[in-house]
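Asks: Next up is a structure, given as C-alpha cells.
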Amino acid sequence: MVELDSLDEKATRLFAGKVVRKDLVQQVKVGVNVPTYVLEYLLGRYCATNDENAIQAGLRMVHTTLAESIIRPDEAMKAQSRVKEHGQQRYIDKVLVRLDGSKYWAELVNFGHRFVHIPDHFVRRYERLLQGGVWCQVDLEFMADQDTEGNKARPFFITDLRPIQVSTLDLAEYTAARDDFATEEWIDLLIRSIGFEPSHFTHRVKLLMLMRLVPMIERNYNLIELGPRGTGKSFVFRDLSPYAILISGGKTTVANLFYNMSSRQVGLVGLWDVVAFDEVAGIQFSDKTAIQIMKDYMESGSFSRGKEELVADASMVFNGNINQPIDLLLKTSTLFQPLPEDMQDMALIDRLHFYLPGWEMPKMRNEFFTTHFGFIVDYLAEVMRELRRQSFTQLLDQHFSLGSHLNTRDARAVRRTVSGLLKLLHPSGEFDRQELQEYLELALEGRRRVKEQLKKMGSFEYYQTSFSYIDTETMTEQFVGVPEEGGQHLIGQDPLPPGSVNIAALTDNNTVFVGRIEVSMFGGNGKLRISGEITKQLRQSIMTAFDYVRANARMLGIQQELDANDFHVQVVNLSHTKDGADAGVGLFVALYSLLRSKPALPGLAVIGEMTIQGNILPLQSLIEPLRVVMDNGGRRVLIPTASRRLFLEVPPDTLEKVDPIFYSDPLSAAMKALGIG
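Basically the numbering used here = 1-based index in the sequence shown + 838.
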C-alpha cells in the first residue's frame, strides 16, 4: 500500500474526483497501446479516491473495460467478429476520418477497418477527426443488409461517438483551490501530474519540465527543445493531452500543416492546440514554400494560402536530439546544428520564443516515476485549454520593465513565456515579486539562448544580447546570462602570457571575428610559420604584418632577435566565425609583446589592419566589434586614431563599459597595448 503524504491529502480533498494515483497508470499501461490520457480517463471514472478498497475495485473495472473495449492490434479480426456476432459493441479506439468523394469514411486504427460508416454530424462536431484522429469511445453496429457499397464488405456503422475528454470544467473552482497550495506545493503537484516524483529534481529542473506545458496554455507559442535522448521530450505532447498532436520525423506538406487548397480544409494548426515535431532533424518539407509560410505563421498566427488569409492559434514545438557534448557543440557550431538544413533559417529561428536546454534534463529512470496523486491529465488539459483564452502578458509590468537590448520580438517572447508560467502556477493572477522575478529571469534566459546562437550565425542585427530587466521600484537593472554560454569569458580579465593578444574584426559578411593570436619563437633565422586552419584572408594579413616587421626591424629595435629566431604563429578562433578577418596590428602587438617579454593589458582586444608600409587602414564600423568585445568580457580596445570619428556612433551603454585606446601607427599600438606608451 502506498503511503500518502500531506500533498496527496490536500490534492484529494480539494480536487476530489480530479486526481488519480499515478502508479496506477503505470500498472495498467503495461501491454496497452493507448495514450496516458485514455487510461486516466478510465482511472478517473473508477479510481479517483484515496480509499484503497475502492481503488482495487476500480482497478478491476478498469481492467475489465480495457479487456473488452481496448483492441489489441493483433486482435482486430476478433473485434470485428464480436460486432458481427453481437450486432453491436462499444470500443475505445483512435478514429480518423477522410472524405472520399461525397462520403465520409472512418478508420478505426486498432479495429483494423478503414471503411466504417460515420454520420456527417459527428464530423462537423469534431473536426479534428479529419486531421490526425481522436481517441474516442465508439458504439459500432453491424448492418450487412444496409451496406450500400455493392460487393464490398462495409457493414460497420458508427451509431455514437464521444471523444475522450472531461465533459465539464469549473475554472473558478480550480483557481480557488490553487490558492490553498504554496507555490512549491503546486509545482510538485504539477510535476506529479505529468508522472514524475518531484523529490528527485532540483527546483530549476522542475521549472524546465513545466516549460513543456507552456505551449498548451499559451496560444501561438513557439518552443524548441534539443537535448540527449531519453529525457522525455516528446512524452508530454504524445500522451498528456488530447489537444496536442506529435508529428514524427519524415515528410510533411503545407496542405497537411496549414491549408489544403483542393479540399479547402484547414490543416493541423487550425485543429490542434499544439503541433509538435518529434525527431525534428528528420523532418522534410516537400513544398519549398513551407518554411516561408511557417515563418509567417510563427510570427503572427496567420498565413496566406492562395487567396485565403487564415488565422489559427496552435503553438509550434520542435523536439530533437543533440548527439555530442554541449561544450563541444558551442565551440564547433551552434545549438541549432541538429535542425534540418531547410530550418537553418535565421528568420525562422528568430521566431522561437524559448529554447529549452534539453541537456539539463535528466534521463528518465524507473525511480523518477511517482507513486502519488496528480491531476487526471485530461482534466489538466481542459484547464490549460480554457486558460489559453486568457492573457497574462501585462502582469509583468506590475513590478518590472525590460532592458534596452530586447527588441519588439524579444519582448513579445519573454512576455509570453512569463504569461504561460503565471497561468500554470498562479491561475488566479496572484503572485509575489520574487516569484515573478524568477519566471522573468527564466524567460529572458530562454530567449537569449536563441539570440546568442543567432549572433554566431548572423549579422549585426542579432548582436544586442545583453538581456536585462529593471525593477520599477528600485530602478536597478539586472542582466541575465545563459548558463552554458562561455562567450561571457572569451576575453578574460587576467593578463595573457607575453606573445598573446586578443583581436576583433568586422568581416565582409558583417559578422565579428573574435580570436587570439599566439606567437612563440625558437632558434632560427627569421622565418615565419603559421599553423592551424585559418582563412586565406587571415593568413595574408599576418604575412603582410610580418613582412613590415622584417623590413623595419632595425628601426623597431628588434633586428638582433629577429635574425636569431624563427616565429610560430597560431590564431585561435574564439567566436568560431567562418569568415575571414584582418589581424595585422594584432600580430604586430603579439610579436612585440613576445620580444619584450611583457604581457598586454588584461581585458584588451586589438582592432585594426595595416599595410606592408605600416599604414593603418580606416575601419568601416566600430559599433559591431565593440559590442561583441563588450559582450565577451573585453574592457579595453585598441582603436586606430583615423577611426576616432566612428566612436561617436557607438551606443552610450557600450561607451560606459569599454575604454578606447587610440593609436596612429603599429609601434604606438604595441607600446600602448603593453602599458608603456
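The beta-carbon is built from N, C-alpha and C at its ideal position, and this holds for glycine as well.
Since this is a predicted model, take the numbers as computed values, not measurements.
#1: Kindly indicate which three-state DSSP category residue 1154 falls into: helix, strand or coil?
#2: How many Å lie between residue 852 and residue 1247 at the Cα?
#3: Counting only runs that start and end within the region 1065-1125, where is the beta strand (DSSP E) found for 3 or more residues in a row?
#4: Out of 1454, 965, 976 and 1187, which has the shortest C-alpha to C-alpha gap to residue 1106?
#5: Residue 1412 to residue 1341, Cα distance in whole Å?
#6: Looking at the secondary structure, which residues open and close the beta strand (DSSP E) in which residue 1509 lies?
#7: Between the C-alpha atoms of residue 1326 and residue 1286, what's the straight-line distance to the nearest angstrom?
#8: Buried or exposed: residue 939, going by 16 or more other Cβ atoms within 10 Å of its Cβ?
#9: What residues match up with residue 926 in a beta bridge as DSSP calls it?
#10: In angstroms, rounded to a whole number, what distance separates the CA positions of residue 1324 and residue 1007?
#11: Would you decide whether residue 1128 is buried or exposed? Buried here means 16 or more other CB atoms lie within 10 Å of its CB.
#12: According to the neighbour-count rule (16 or more other Cβ atoms, all chains shown, within 10 Å of its Cβ), is residue 1121 buried or exposed?
#13: Between residue 1331 and the rest of its own chain, which residues show a CB-CB distance below 8 Å, the 5 nearest in sequence each way excluded?
#14: Which term fits residue 1366, buried or exposed, when burial requires 16 or more other beta carbons within 10 angstroms of its beta carbon?
#15: Would DSSP call residue 1063 helix, strand or coil?
#16: Report yes if the CB atom of residue 1174 is closer than 8 Å to the CB atom of residue 1061, and no otherwise.
#17: State the start and end residues of the unbroken alpha helix (DSSP H) segment that holds residue 845.
#18: Could you pull out every residue in the same chain whose Cβ sits closer than 7 Å to the Cβ of residue 1464, ignoring the five residues on either side in sequence?
#19: If we count the other Cβ atoms within 10 Å of its Cβ and call it buried at 16 or more, is residue 1050 buried or exposed?
#20: Would a C-beta distance cut-off of 8 Å place residue 1376 and residue 1421 closer than the cut-off?
#21: Going by beta carbon distance, what residues of the same chain come within less than 6 Å of residue 1251, once the five residues before and after it are set aside?
#22: Cutting at 7 Å between CB atoms, please list the residues of its own chain near residue 857, excluding the five before and the five after it.
#23: How many Å lie between residue 1154 and residue 1228 at the Cα?
#24: With H, G and I counted as helix, E and B as strand and the rest as coil, what does DSSP make of residue 1435?
#25: What separation, rounded to the nearest whole angstrom, lies between the Cα atoms of residue 880 and residue 1205?
#26: Assign residue 1157 to buried or exposed, taking buried as 16 or more other Cβ atoms, counted over all protein chains shown, within 10 Å of its Cβ.
#27: In chain order, what residues of the same chain have a beta carbon less than 6 Å from the beta carbon of residue 873, not counting five sequence neighbours either side?
#28: Do the region 1378-1391 and the region 1423-1430 meet, that is, are 3 or more Cβ pairs less than 8 Å apart?
#29: Does the beta-carbon of residue 1030 have 16 or more other beta-carbons within 10 angstroms, so that it is buried, or is it exposed?
#30: Less than 8 Å between the CB atoms is what I'm expecting for residue 1407 and residue 1368, so what's the real figure, rounded?
#31: Using 8 Å as the cut-off, can you tell me whether the region 1158-1178 makes contact with the region 1053-1067, which would need three or more C-beta pairs spanning the two stretches below that distance?
#32: Once you ignore the five residues that flank residue 1354 on each side, which residues in its own chain have a CB closer than 8 Å to its CB?
#33: Going along the chain, which unbroken runs of the beta strand (DSSP E) with 3 or more residues stay wholly within the region 1281-1334?
#34: Beta-carbon separation of residue 909 and residue 929 under 8 Å?
#35: If I measure Cβ to Cβ from residue 1343 and keep anything under 6 Å in the same chain, skipping five residues before and after, which residues do I get?
#36: On the DSSP bridge list, what partners appear for residue 955?
Replies: This is what the structure gives:
#1: strand
#2: 40 Å
#3: 1082-1085 and 1112-1115
#4: 965
#5: Across the structure, residue 1412 and residue 1341 are spaced so that their CA atoms are roughly 10 Å apart.
#6: Where residue 1509 is concerned, there is no enclosing beta strand (DSSP E), although the alpha helix (DSSP H) it sits in stretches over 1504-1511.
#7: Low confidence applies here, because residue 1326 scores a pLDDT of 49, under 50, leaving its location unreliable and the question unanswered by this model.
#8: exposed
#9: 979
#10: Only weak support is given to the placement of residue 1324: the predicted model assigns it a pLDDT of 48, under 50, and the question is left unresolved by the model.
#11: buried
#12: buried
#13: 1440, 1441, 1471 and 1473
#14: buried
#15: strand
#16: no
#17: From DSSP, the alpha helix (DSSP H) with residue 845 extends over 844-852.
#18: 1475, 1488, 1492 and 1496
#19: buried
#20: yes
#21: 1191 and 1285, listed in sequence order.
#22: 849, 850, 886, 1211, 1212, 1213 and 1214
#23: 19 Å
#24: coil
#25: So the two alpha carbons sit approximately 25 Å from each other.
#26: buried
#27: 1077
#28: Touching, yes.
#29: buried
#30: 5 Å
#31: yes
#32: 1334, 1338, 1339, 1340, 1341, 1409, 1410 and 1412, listed in sequence order.
#33: 1306-1309 and 1315-1317
#34: yes
#35: Result list for residue 1343: 1351, 1419 and 1420, in chain order.
#36: 943 and 995
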